[in-house]
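Presented below is the structure to which this report refers.
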Amino acid sequence: MNYTMEELVPVTARLVQAYTGMESTSVSYETAQQLMEAVVYCIRELELSGQVPAAGPCPAQKAYELGKALVEQKVKDALDMYHGILPGFSSYGSCFLEDTVVKGLPEFFWNYDVKFRPQDTILTLDYPVLRDLSGYSGIDRVYEYIRCVGLEQMFLAGFSGDFVKEALSRYNRFYRNTPDNLCGIVLQQVLGHVLAGKPWTEPDSGQEGRIPAGTVFPDHDRTWVMARFEAAVYRMVEKLPGPREELQAYLMEAAGDAAAPSGF
């Protein structure tokens, strides 16, 4: 959906009028740019949704209105997903995870401006998830972020809280005050146990909670390791409730880093 500037300007002009309360059509360059970005963001939301009307070309104004409705719906869906995570949520002592989920996300929903600044993410989302979300902004980024946190919480809930905290402390005794991804650390250690032929619930005994890769699979290449990882991840998630296939795919994204020679 490639609209020309001539098509986008009238849409932005209407938004300017709403922004100024119909009292003026004159705003600063920065504000006009911000409102143009808001229009483009909503139109892109429509395009990404695949719900573009099939009956002929869609006027820019219509595309904007449809896209804005999708943004509003995504805010509601993200909030529902967030509320679904909270009852069983645990930060395992991580200040970054606690602050982002318990304090930061409510502030986002309180301050997010669907009409005039839908492209703004607002939060820095200091706790890192395993998926690269740099290509997202606004509610798209927050929605995907909450989705990732939910998958990580689902995985970590498969272990006892004491096991998770012990694994994290072995990796970094200061993990509570550092921006470490908890899920990736636990996953790395568990996969190391599986590849070493140990029970996956057994606490690690390697230096700093790691098993040297050469002692686990000295004669096998990355393809072999990834196949073993995939089988191990499948066994870990097959009995968990929730979207198991989505969780498995998410964990395999992180398993790729662990398959590197320095992964354990």
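First residue of the sequence shown: 322, per my numbering; consecutive thereafter. We put the beta carbon where it would ideally sit given N, CA and C, even for glycine.
Confirm, please, whether the CB-CB distance from residue 364 to residue 334 is below 8 Å.
-> Residue 334 sits at position 13 when you count from the first residue of the sequence shown. Residue 364 sits at position 43 when you count from the first residue of the sequence shown. Cβ atoms of residue 334 and residue 364: not closer than 8 Å.
In terms of residues, what are the limits of the alpha helix (DSSP H) holding residue 376?
-> Your numbering for residue 376 matches position 55 in the sequence shown. Counting along the chain, residue 376 falls outside any alpha helix (DSSP H), and DSSP gives it neither H nor E.
Just curious, the alpha helix (DSSP H) that residue 324 is in, first and last residue?
-> Here the question's residue 324 lines up with position 3 in the sequence shown. No alpha helix (DSSP H) contains residue 324, which DSSP labels as neither H nor E.
If you draw a straight line from the alpha carbon of residue 340 to that of residue 437, how long is it in whole angstroms?
-> Counting from one through the sequence shown, the residue named residue 340 turns up at place 19. Counting from one through the sequence shown, the residue named residue 437 turns up at place 116. Taking the straight line from one Cα to the other gives about 7 Å.
Between the stretch 462-469 and the stretch 488-496, are three or more C-beta pairs nearer than 8 Å?
-> no
Classify residue 412 as helix, strand or coil using the three-state DSSP reduction.
-> As a position in the sequence shown, residue 412 is number 91, starting the count at 1. If DSSP states are grouped into helix, strand and coil, residue 412 belongs with coil.
Since residue 472 is in the alpha helix (DSSP H), which residue starts that stretch and which ends it?
-> For this step, residue 472 is matched to residue 151 along the sequence shown. Its alpha helix (DSSP H) spans residues 459-477.
Are at least three pairs of beta-carbons, each pair with one atom in the stretch 422-438 and one in the stretch 550-557, less than 8 Å apart?
-> The count of Cβ pairs closer than 8 Å, one atom from the stretch 422-438 and one from the stretch 550-557, stays below three, leaving the stretches out of contact.
Straight-line CA distance for residue 419 to residue 411?
-> On the sequence shown, position 98 is the one that residue 419 refers to. On the sequence shown, position 90 is the one that residue 411 refers to. If you take the alpha carbons of residue 419 and residue 411, they lie about 8 Å apart.
Give the DSSP-derived three-state secondary structure of residue 383 in the structure shown.
-> Position 62 of the sequence shown, counted from the start, is the residue given in the question as residue 383. Correct three-state label for residue 383: helix.
Taking the alpha-carbon positions, what's the residue 450 to residue 474 distance?
-> As a position in the sequence shown, residue 450 is number 129, starting the count at 1. As a position in the sequence shown, residue 474 is number 153, starting the count at 1. One C-alpha to the other measures close to 11 Å.
Pick helix, strand or coil for residue 347, following the three-state DSSP scheme.
-> The sequence position of residue 347 within the sequence shown is 26, counting from 1. In this structure, residue 347 counts as coil in the three-state DSSP scheme.
Where does residue 376 land, buried or exposed, given buried means 16+ other C-beta within 10 angstroms?
-> By 1-based counting over the sequence shown, the position of residue 376 is 55. So residue 376 counts as exposed.
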